[in-house]
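Structure first, commentary second.
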Amino acid sequence: MSVQVYGCNHVAIEVGDIDKAVAFYTDVFGLEKLDDGEGDAFFKLGEHQFLAMFERKGMATVEGEHHFGIMVRDDAQIAEVREKLTKKYGLSLIDGFRCDFRDPWGNRIQVVDLHDESLIWLLPYREVQKAGVKFSA
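Residues 448 to 584 in this note's numbering are what the sequence shown spells out, letter by letter.
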């Protein structure tokens, strides 16, 4: 019997201030908070995944190539995220990508949209229909 992977259940990140991180991710992405506790918070990410945040006070910002991706509906939503990141939060976008950035704690996030046909297979078909995604021939 071989192992069958069905997807990614969750992504966990560390942040220096859980209250500021909750406010940041709620504001930028409109994420629905599922639960929280002392020094942690959990957000719904799509149909079957979640984002876990754990506070680590005094953490040093570590930069590397590790990252995770968040999929939004379309280019207009990517533009909205870019605008909020740069204008409201003063964050820089990473050159060479549509919407890669580091959050205030150094976590690298890549924002893509449903029109990237290499990613569309990740969604249940009903979600693709509900979003009204159309691909050119």
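All C-beta atoms in this analysis are idealised placements derived from N, C-alpha and C, irrespective of residue type, glycine included.
Helix, strand or coil at residue i according to DSSP, with G and I counted as helix
i      : result
Ala459 : strand
Arg555 : strand
Ala470 : helix
Phe476 : helix
Ala507 : coil
Arg545 : coil
Leu540 : strand
Asp487 : strand
Glu527 : helix
C-alpha distance - residue i paired with residue j, whole-angstrom precision
i      : j      : result
Val475 : Ala523 : 14 Å
Phe544 : Lys504 : 30 Å
Glu530 : Ser449 : 45 Å
Asp464 : Glu502 : 6 Å
heavy atom of the ligand ATP below 7 Å from residue i C-beta
i      : result
Gly516 : Inclusion of the ligand ATP in the displayed structure is not the case, the ligand content being empty and no account of it being possible.
Presumed contact (8 Å Cβ cut-off) between residue i and residue j, rounded CB distance
i      : j      : result
Lys491 : Glu510 : Not quite, the Cβ-Cβ distance comes to about 27 Å (not below 8 Å), so this is no contact.
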